[in-house]
Amino acid sequence: AYAALRAIVVAEGKGLRAKLASSWRGVAWAVTTLGIAAAGAGGLAAFWLIPLFKTNYIYHSLPTIKWILGPGGFTRFLSSLGMLQGALFLMSIFIAALTPSRSSRLVPLTAVSAAVVMWLVSALSPYDGCIGLRLIYSALLFLLASAFSAQPSPLLIGSASSLLLFMATGPASYKFQFFNWTVDVGRIIPFSSDYAYYKFAGLARYLIFAAAAVGFSTPLRRAYESLKEVRGAVAQVGWVAIGFIIMLFTALFIMPHLQETDLYYPYAGELHFKLDTDYPMIESLRRVMEWVAANASDNTYVLYQDTLWKLGDWRRLPVSHYFYLSSMLTGKPQVGGGYGTRYITHPLANTETDYLLGQPIPWLARHPERLYHVAGELGITYFVLFDKALVSAMRARPDLFEEVFVEPPFHVFRTKSFNPIVSIEEGVIEEVEIRPNEIVVKYSAPSDATVYVRQVEYPGWHAWVDGREVRVSRYYPNIPSFVLVPGDGTLTNYKIPFIRIDVPGGEHVLKLRYRLSTVGDTITLISAVALAALIVLSYLMQRVIRGAELLRSGHEAQDRRPNSASALPNLC
Numbered sequence: 133a134y135a136a137l138r139a140i141v142v143a144e145g146k147g148l149r150a151k152l153a154s155s156w157r158g159v160a161w162a163v164t165t166l167g168i169a170a171a172g173a174g175g176l177a178a179f180w181l182i183p184l185f186k187t188n189y190i191y192h193s194l195p196t197i198k199w200i201l202g203p204g205g206f207t208r209f210l211s212s213l214g215m216l217q218g219a220l221f222l223m224s225i226f227i228a229a230l231t232p233s234r235s236s237r238l239v240p241l242t243a244v245s246a247a248v249v250m251w252l253v254s255a256l257s258p259y260d261g262c263i264g265l266r267l268i269y270s271a272l273l274f275l276l277a278s279a280f281s282a283q284p285s286p287l288l289i290g291s292a293s294s295l296l297l298f299m300a301t302g303p304a305s306y307k308f309q310f311f312n313w314t315v316d317v318g319r320i321i322p323f324s325s326d327y328a329y330y331k332f333a334g335l336a337r338y339l340i341f342a343a344a345a346v347g348f349s350t351p352l353r354r355a356y357e358s359l360k361e362v363r364g365a366v367a368q369v370g371w372v373a374i375g376f377i378i379m380l381f382t383a384l385f386i387m388p389h390l391q392e393t394d395l396y397y398p399y400a401g402e403l404h405f406k407l408d409t410d411y412p413m414i415e416s417l418r419r420v421m422e423w424v425a426a427n428a429s430d431n432t433y434v435l436y437q438d439t440l441w442k443l444g445d446w447r448r449l450p451v452s453h454y455f456y457l458s459s460m461l462t463g464k465p466q467v468g469g470g471y472g473t474r475y476i477t478h479p480l481a482n483t484e485t486d487y488l489l490g491q492p493i494p495w496l497a498r499h500p501e502r503l504y505h506v507a508g509e510l511g512i513t514y515f516v517l518f519d520k521a522l523v524s525a526m527r528a529r530p531d532l533f534e535e536v537f538v539e540p541p542f543h544v545f546r547t548k549s550f551n552p553i554v555s556i557e558e559g560v561i562e563e564v565e566i567r568p569n570e571i572v573v574k575y576s577a578p579s580d581a582t583v584y585v586r587q588v589e590y591p592g593w594h595a596w597v598d599g600r601e602v603r604v605s606r607y608y609p610n611i612p613s614f615v616l617v618p619g620d621g622t623l624t625n626y627k628i629p630f631i632r633i634d635v636p637g638g639e640h641v642l643k644l645r646y647r648l649s650t651v652g653d654t655i656t657l658i659s660a661v662a663l664a665a666l667i668v669l670s671y672l673m674q675r676v677i678r679g680a681e682l683l684r685s686g687h688e689a690q691d692r693r694p695n696s697a698s699a700l701p702n703l704c
C-alpha cells in the first residue's frame with residue numbers, strides 16, 4: 133500500500149503544480165459562480181435577515197437554543213439521508229471525479245475516494261476526538277477534486293457539506309490535535325458559542341439533496357443525448373427504459389414522501405395530516421382543538437403543554453409539535469411557536485420540557501396561585517395540560533381554575549377571571565380580531581384611555597385610530613424576573629415589552645399592523661430584478677448562440693456543396 137501510494141505521489145506530483153496552474157481559471161469561475169449564487173440568495177432573503185439582525189440582541193437577548201448533538205450528530209445526519217439519497221450522492225461525486233477537465237482521472241478520483249473514506253471513518257468512530265479534523269480534510273479533498281473536474285458542482289457541494297457538518301458537530305469538534313499542536317477553530321469562528329449547532333446539518337442535508345439530484349440526472353441526460361442519435365427499435369427500447377427508471381424513482385421515493393407529508397391547501401383552507409391514521413392519540417389532539425375552536429374567545433391566549441418528548445413515542449403519537457398548529461386550525465391565539473404568533477419567545481413560550489412559563493412544573497404545582505397571577509399578566513385564560521401533578525394541583529384550587537374539558541390524557545382548564553389579550557382602562561373592548569401581522573380592536577370609552585395589547589412591542593408595529601396614526605409605546609407586565617431556561621440555567625432581570633397605546637374617548641376602531649421596513653427590502657427588490665434580468669439575458673444569449681451555430685452550419689454546408697456549373701459536362 134505504501135509503495136503504491138508513493139508511486140502515485142511521485143507520478144502525479146511532478147506535474148501537480150502545472151496542472152493546478154492550468155486549471156485555476158476553471159476553479160476561479162466555479163468559486164465565483166458559487167459566491168454570486170450565495171450573494172444572490174442572501175439578497176433575496178435580506179428583507180427578513182436584516183430586521184432579524186437589527187432586533188435580535190435587543191428583543192431576543194436570551195440564552196440561545198444550542199441544539200448540541202455533538203459528534204454523534206454526524207451519524208444521525210447520515211442515517212437521516214436514507215439509502216437512495218446516499219447512493220445518488222455517491223454516484224454524483226464519482227461521476228464528477230471520472231469526468232476530468234484534463235486527461236488524468238487519478239487526482240480527482242483519489243481525492244474523492246479519500247474524502248469518502250474520511251466520512252466513513254467519522255461515522256464509525258465519531259467520538260475519537262478527530263472528527264473535526266477529518267471533516268476539514270474531506271472539505272479540502274472535495275475542493276481539490278473540483279479543481280480537476282469538468283463537472284465541479286457536486287464536488288463543491290461535497291466540500292461545503294463537509295464544512296457545514298463540521299459546524300453541526302458543535303464545540304466538541306472545533307478543538308483537536310494536529311501533530312504536536314492543539315487547534316481550536318472555535319476561536320476564529322464568529323459567535324461560535326451562540327449557534328444552534330445541529331441546524332447546520334439541515335443546510336448540509338439540502339446540499340446533499342441537490343448533489344443527489346445531479347447524480348440522478350447526469351446518467352439520464354447522457355442516455356437522452358445518446359438516444360437522440362439512434363433510430364428504430366433501439367431508440368424505442370431506450371425511451372421505454374428511461375420512462376421506467378423515472379416511474380420507478382417516483383414510486384420508490386417521491387410517492388412515499390407525498391403519502392407521509394402534511395399538506396396545506398391555502399385556497400380550500402384545508403390541512404391534511406397524512407399520518408393521522410397511524411397514531412391513535414392524534415384523534416385526541418383533534419378533539420381538544422375542536423373544543424378550543426368552538427369555546428375559546430378570540431381575545432385570550434390558550435397555553436398548550438407541548439407533546440414533543442413527553443408524549444411522542446412513535447407509537448401513540450409522533451415526536452412532533454402538533455399543538456403548534458392550533459392557531460391555524462382553530463383561529464384562536466396561542467402561546468408557543470405557532471402560526472401567526474408574534475408573542476413571548478423562548479423561554480416563556482417553551483412548553484416542551486419540565487418548565488412552563490419559565491418555571492419548573494413541580495414548583496408551579498406547589499404554588500398554583502403564582503401560575504394564576506402570571507396567566508393574568510400574559511393574557512392566558514385556557515391551559516391544555518397533561519402533566520398529572522399540575523392537573524391535580526389545579527383541580528385542588530377550584531377558586532382559581534375550572535376544569536372545562538377532558539380528552540385523556542389532556543385536560544383543559546379555564547381561569548376564574550377572564551384574561552384578555554387586549555384590555556382598556558376606563559372603557560369597553562367590544563370586539564377583537566387577531567390575524568397575522570394585524571390586530572383590529574373596536575372599543576368605546578367615555579374619555580381618553582389607554583389600551584394594553586399583550587404582544588411583544590417589536591419595532592415595526594404601527595397603530596391607527598379611525599385612520600389617524602397614533603403612537604405605539606410599551607409597558608412591562610408584572611412577571612417573575614428570574615426564569616429558568618432548559619439546559620442553560622437561570623436568566624435574571626427578564627422583561628417583556630408589551631404594547632401600550634393612548635387612544636381618544638368615544639367609539640372608535642383601533643388598527644395595529646406590523647411592517648418593519650429596512651434597507652433589506654431594497655436589497656431584496658434589486659436582487660429579484662437582477663435575477664429576472666439574468667434569466668431573460670441567459671435565454672436571449674442561448675437563442676443568439678443557437679442562431680449563430682445554425683447560420684455557421686448552413687454556410688459550411690453551402691461551402692461543401694459542389695458548384696453546379698463546374699459539375700456540367702463540357703458539350704462543346
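If you count by the working numbering, then the sequence shown holds residues 133 to 704, one letter each, in order. Idealized CB from N, CA, C, for every residue including glycine. Keep in mind that this is a model prediction, so the values were computed, not measured.
Distance, Cα to Cα, residue i vs residue j?
i: residue 298; j: residue 170; result: 19 Å
i: residue 472; j: residue 598; result: Residue placement at residue 472 is flagged as unreliable, the pLDDT there being 39, under the threshold of 50; the coordinate-derived value follows with that caveat. Near 24 Å, if we compare the C-alpha coordinates of residue 598 and residue 472.
i: residue 662; j: residue 675; result: 20 Å
i: residue 247; j: residue 273; result: 6 Å
i: residue 638; j: residue 512; result: 28 Å
i: residue 448; j: residue 286; result: 41 Å
i: residue 486; j: residue 493; result: 6 Å
i: residue 422; j: residue 183; result: 36 Å
i: residue 604; j: residue 595; result: 7 Å
i: residue 442; j: residue 383; result: 35 Å
i: residue 381; j: residue 630; result: 52 Å
i: residue 330; j: residue 296; result: 9 Å
i: residue 625; j: residue 613; result: 5 Å
i: residue 464; j: residue 535; result: 19 Å
i: residue 540; j: residue 411; result: 15 Å
i: residue 475; j: residue 587; result: Legend: pLDDT at residue 475 = 46, less than 50; position of this residue unreliable, value from coordinates given subsequently. Cα to Cα, the separation comes out at about 5 Å.
i: residue 164; j: residue 683; result: 33 Å
i: residue 565; j: residue 581; result: 20 Å
i: residue 634; j: residue 516; result: 34 Å
i: residue 526; j: residue 562; result: 31 Å
i: residue 282; j: residue 333; result: 28 Å
i: residue 266; j: residue 203; result: 12 Å
i: residue 366; j: residue 167; result: 43 Å
i: residue 584; j: residue 627; result: 16 Å
i: residue 253; j: residue 262; result: 10 Å
i: residue 440; j: residue 228; result: 42 Å
Quick check on the DSSP output: the beta strand (DSSP E) that includes residue i runs from which residue to which?
i: residue 451; result: Per DSSP, residue 451 belongs to no beta strand (DSSP E) and is neither H nor E.
i: residue 557; result: From DSSP, residue 557 is part of no beta strand (DSSP E); its letter is neither H nor E.
i: residue 639; result: 638-646
i: residue 587; result: 581-588
i: residue 623; result: 621-623
i: residue 575; result: 570-577
i: residue 600; result: 600-602
i: residue 607; result: 605-607
i: residue 630; result: 630-635
i: residue 616; result: 615-617
i: residue 595; result: 593-597
Cβ of residue i less than 9 Å from any chain B Cβ?
i: residue 377; result: The structure shown contains no chain B, having only a single protein chain.
So residue i packs on residue j, CB below 8 Å; how close in whole Å?
i: residue 318; j: residue 221; result: The pair is not a contact, with the Cβ atoms about 28 Å apart (cut-off 8 Å).
i: residue 207; j: residue 258; result: 6 Å
i: residue 653; j: residue 179; result: 5 Å
i: residue 648; j: residue 592; result: 3 Å
i: residue 462; j: residue 425; result: 4 Å
If you follow the alpha helix (DSSP H) that residue i is part of, which residue opens it and which one closes it?
i: residue 74; result: Coverage of the chain is limited to positions 133 through 704, which leaves residue 74 absent and any answer about it impossible.
i: residue 208; result: 204-229
i: residue 435; result: It is not in any alpha helix (DSSP H) - residue 435 instead sits in the beta strand (DSSP E) that spans 433-436.
i: residue 414; result: 414-427
i: residue 251; result: 238-256
i: residue 458; result: 458-462
ask   = Which ranges does the alpha helix (DSSP H) cover as unbroken runs of at least 4 residues, wholly within the segment 286-328, from first to last along the chain?
value = 303-306
query = Using 8 Å as the threshold, is the segment 530-548 in touch with the segment 566-578, meaning 3 or more CB pairs across them?
reply = no
key: the segment 500-513 touching the segment 371-380, judged by at least three CB pairs closer than 8 Å   = no
task = Could you tell me whether the segment 330-343 touches the segment 352-371, where touching means 3 or more Cβ pairs closer than 8 Å?
result = no
ask   = Counting only runs that start and end within the segment 328-370, where is the alpha helix (DSSP H) found for 4 or more residues in a row?
value = 331-359
key: Segments assigned alpha helix (DSSP H), at least 4 residues, entirely inside the segment 515-541   = 520-527
ask   = Counting Cβ pairs, one atom from each stretch, are 3 or more of them under 8 Å apart for the segment 303-313 and the segment 272-290?
value = no
message = Is it the case that the segment 551-561 contacts the segment 431-449, given that we only count it when at least three CB pairs across the two stretches are under 8 Å?
response = yes
ask   = Three or more beta-carbon pairs under 8 Å between the segment 607-616 and the segment 639-651, yes or no?
value = no
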